[in-house]
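Data first, discussion second: the structure below is written as C-alpha cells.
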Amino acid sequence: MTKEQIACEEALRQIVEYVDHELGAHEHLLMEQHLRTCKSCFSRMEFERRLKEKTGTLCEDEVASSPLSERIKSLLKSF
Amino acid sequence: MAVSRKVFEDQVLGLLGCLQGVARRLTRNDADAEDLVAETVARAWRALDSLKSEAAFRAWIFRILNNTFISDMRRAGARPRLESIECEDEDAEAGDFSIFEQMHQPFLLWFSNPEQAFLDKLLREDLDRALAALPDCYRVVVILSDLEEFSYSEIAATLQIPIGTVRSRLARARSALQKVLWQQAQTYGFKRAGAPVRDCDAFEANAREAGKTARAAENEGGA
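Protein sequence lines, in the order shown, are assigned to chains A and B. For what it's worth, the working numbering labels the leading residue of the first sequence as 3, then goes sequentially. For what it's worth, the working numbering labels the leading residue of the second sequence as 122, then goes sequentially.
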C-alpha cells in the first residue's frame, strides 16, 4: 500500500492500458488503489474491460468455410 | 524442428476457423481472407524451423498471418479499396469518446445501469459491423490487441511503429469503435444521460443528491 494517490483524470487516462495489462507495476498499484475507492472510475473500467472481452470473443467458435478447409487440406498434402 | 508434420497439420486445422475469422476482419473481404490464410499456412510451413515449441504455435502462426497481411497491404499500397495502415493524419481529438460517459447515470446507480445493459444487448454482429467501419489503421490495432491478444510491444514490432504510437493509436481506435457503437446503442433506444461525470467529487455529490431525493420521495409517500 502506498500513500501516493492518483486523481480521476489520471486514472481515466490510464484505463485502456490498465485493461490491456500494460501499466507498469507502480502505475498498476496506484490504479488498483484508486479503483477500490472510486465507484465512477471502477464502473468505467468495468465497461471497458467487458467491451474488450466481447471484442476478443468475436472469432470464438467460428468454423472455417468448406472451400477454405478443402484448399488448406490439399495445400497441406502438397508439403 | 520443434513439431512434427502431423502436429503442424493438426494445429493448422484446429485453428483454421479462428485464422479465417481474423483474416476476414483484417481484409474485410472473404476471397482475400482465404488467400491470406493459404499464404500464411504456406509461409508457416516454410518457416517451421523458427517455431520454438508446440505451445507457441498459436502466437507464432498469428504473427505470420499479421506479417503477411501487412506486407501484402504495403505492397498493394495503391489499392483503392484499402486505406493506409500508416495513420498519417491521426485525429488528435479522436481519442476522447466514451459510450460510458454518454450513458452512465451515477444518480441511478442503484436502480439502473444502462451502459452494462447495452453490453448485455450488444450482438456479435453489432461489434463486427462497428469494427468493419473503422479505418484500417485503427481496425488492425484492435484486432491485434483484442482478438489476437498481442502485447503493445508485439503490436509495435508487427506494425514497425513506436510503442507510444501503439498506445495512442489504440486509445483512438477504441474511441472510434465506441463512436460507431453509440449509433447502434441509439437504435436500441439507449439515450444520452446528463453531462459526463469525470471526477469522484461530482460522482459522490450526485449520489448524495440522489439519496436525498429518494428519501424525500419516501417521506412524501409515507406521509
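Glycine included, every Cβ here is placed at the ideal spot set by N, Cα and C.
CA-to-CA distance, residue j to residue i, given in whole angstroms
i: CYS10(A); j: HIS30(A); result: 14 Å
i: GLY138(B); j: LEU77(A); result: 16 Å
i: PHE218(B); j: SER296(B); result: 5 Å
i: GLU48(A); j: SER174(B); result: 35 Å
i: GLU155(B); j: THR59(A); result: 21 Å
i: LEU172(B); j: LEU186(B); result: 14 Å
i: LYS127(B); j: PHE190(B); result: 26 Å
i: LEU248(B); j: GLU62(A); result: 14 Å
i: ARG260(B); j: MET194(B); result: 14 Å
i: GLU24(A); j: ASP153(B); result: 32 Å
i: GLY142(B); j: ALA251(B); result: 15 Å
i: ARG196(B); j: LYS56(A); result: 33 Å
i: SER266(B); j: GLN307(B); result: 27 Å
i: ALA235(B); j: PHE81(A); result: Reading the sequence as shown, one finds Pro at residue 235(B) and not Ala. Approximately 54 Å, taken between the alpha carbons.
i: ARG46(A); j: GLU12(A); result: 13 Å
i: ILE8(A); j: ALA168(B); result: 47 Å
i: HIS36(A); j: SER274(B); result: 26 Å
i: VAL21(A); j: ARG38(A); result: 15 Å
i: SER71(A); j: ALA165(B); result: 17 Å
i: ALA27(A); j: VAL18(A); result: 15 Å
Three-way DSSP call (helix, strand, coil) for residue i in this model
i: GLU130(B); result: helix
i: CYS43(A); result: helix
i: CYS10(A); result: helix
i: ASN150(B); result: coil
i: THR189(B); result: helix
i: CYS139(B); result: helix
i: VAL124(B); result: coil
i: GLN281(B); result: coil
i: TYR273(B); result: helix
i: LYS173(B); result: coil
i: ARG290(B); result: helix
Span of the alpha helix (DSSP H) around residue i
i: MET224(B); result: 220 to 224
i: CYS61(A); result: Per DSSP, CYS61(A) belongs to no alpha helix (DSSP H) and is neither H nor E.
i: LEU252(B); result: 245 to 253
i: ALA238(B); result: 235 to 242
i: PRO69(A); result: 68 to 80
Residues that residue i contacts on chain C, provided the C-beta gap is smaller than 7 Å
i: TRP166(B); result: No chain C appears in this structure, whose protein chains are A and B.
Residues from the segment 20 to 50 of chain A in contact with chain B, defined by Cβ distance under 7 Å = Those would be ASP22, GLU24, CYS40, LYS41, SER42, SER45, ARG46 and PHE49, in chain order.
Any residues in the segment 255 to 274 of chain B with a beta carbon nearer than 8 Å to a beta carbon of chain A? Which ones, in chain order?
-> Going along the segment 255 to 274 of chain B in chain order, one finds VAL263, SER266, ASP267, LEU268, GLU270, SER272 and TYR273 with a Cβ nearer than 8 Å to chain A.
The segment 289 to 309 of chain B: positions lying closer than 7 Å to chain A by Cβ = From the segment 289 to 309 of chain B, only LEU291, ALA292 and ARG295 have a Cβ closer than 7 Å to chain A.
Could you please tell me which residues of the segment 147 to 172 of chain B, in chain order, have their CB closer than 7 Å to any CB of chain A?
-> Going along the segment 147 to 172 of chain B in chain order, one finds GLU155, VAL158, ALA159, VAL162, ALA163 and TRP166 with a Cβ nearer than 7 Å to chain A.
Along the segment 51 to 75 of chain A, what residues have a CB closer than 9 Å to any CB found in chain B?
-> Hits within the stretch, in order: ARG52, LEU53, LYS54, GLU55, LYS56, THR57, GLY58, THR59, LEU60, CYS61, GLU62, ASP63, GLU64, VAL65, ALA66, SER67, PRO69, LEU70, SER71, ARG73, ILE74 and LYS75.
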